[in-house]
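What the sequence shown shows, in numbering that gives the first Met the number 0, is residues 0 to 166, in sequence order. C-beta: ideal position from N, C-alpha, C; glycine also. No experiment lies behind these values; they were computed from the predicted model shown. Please read the structure below before turning to the comments.
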Amino acid sequence: MLFNFIKEKIEIGEIIIIDKVYEQCTYNAKGLVLNQLAFLTDKTFLKKSKTPYKTGTLFTPSPAKFLRILENQFVVTVQRKKITDVEFEVSKNKHLEDADIKQIILCLNLMKSEPDVYLVNEETAESNDNKLFKKIPAMCNELNIQCIALPKLLKIYEKDISVLFKK
Numbered sequence: 000m001l002f003n004f005i006k007e008k009i010e011i012g013e014i015i016i017i018d019k020v021y022e023q024c025t026y027n028a029k030g031l032v033l034n035q036l037a038f039l040t041d042k043t044f045l046k047k048s049k050t051p052y053k054t055g056t057l058f059t060p061s062p063a064k065f066l067r068i069l070e071n072q073f074v075v076t077v078q079r080k081k082i083t084d085v086e087f088e089v090s091k092n093k094h095l096e097d098a099d100i101k102q103i104i105l106c107l108n109l110m111k112s113e114p115d116v117y118l119v120n121e122e123t124a125e126s127n128d129n130k131l132f133k134k135i136p137a138m139c140n141e142l143n144i145q146c147i148a149l150p151k152l153l154k155i156y157e158k159d160i161s162v163l164f165k166k
């Protein structure tokens, strides 16, 4: 039942899987997600649901403002001080093409017309393992994007689904 619920939400566009995340699903954990959710490899389903969502031409609503925020508020200052300006520019440009930022940019665009936009993510906002940029929940907090974990999403939809666990 949960399987069908997720499939239906993807099919009607309530759950969006972007190309960068889909790509990660093909090699993370030996493709476990795609193996378990077989419909995500069904070409007919993918075409009908427009999955994965293509992010190649996705831009932020205010590109200059977003870049300033990325450079000033999303950077882990301690890590920034360890690299040159050239290294920072290379890392920033790479990060702008990463799944994390593409998800955030999509949310910013969707929020212009949709009141309830959630970015579902399992990260915590704390420490980022010596990475240059903050984690998704911290960035979402700065941008007023609702970032939630999967259990909270299921709670939001609890009236639409019923799940029974066997002992």
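Sub-8 Å separation of Leu-57 and Asn-108 beta-carbons | yes
Rounded to whole angstroms, how far is the Cβ of Val-74 from the Cβ of Leu-131, which I believe are closer than 8 Å?
-> 6 Å
Just the Cα atoms here: how many angstroms apart are Ile-5 and Ile-14?
-> 8 Å
Three-state secondary structure (DSSP) at Ile-147?
-> strand
Would you call Ile-155 buried or exposed, if buried means 16 or more other Cβ atoms sit within 10 Å of its Cβ?
-> exposed
DSSP on Tyr-156, reduced to helix/strand/coil?
-> Looking at Tyr-156 - three-state DSSP - the assignment turns out to be coil, as it is neither helix nor strand.
Unbroken beta strand (DSSP E) run spanning Tyr-26, endpoints = Counting along the chain, Tyr-26 falls outside any beta strand (DSSP E), though it belongs to the alpha helix (DSSP H) covering 18 to 26.
Thinking Ile-17 and Lys-101 are a contact (beta carbons under 8 Å), I'd like their distance in whole angstroms, please.
-> 5 Å
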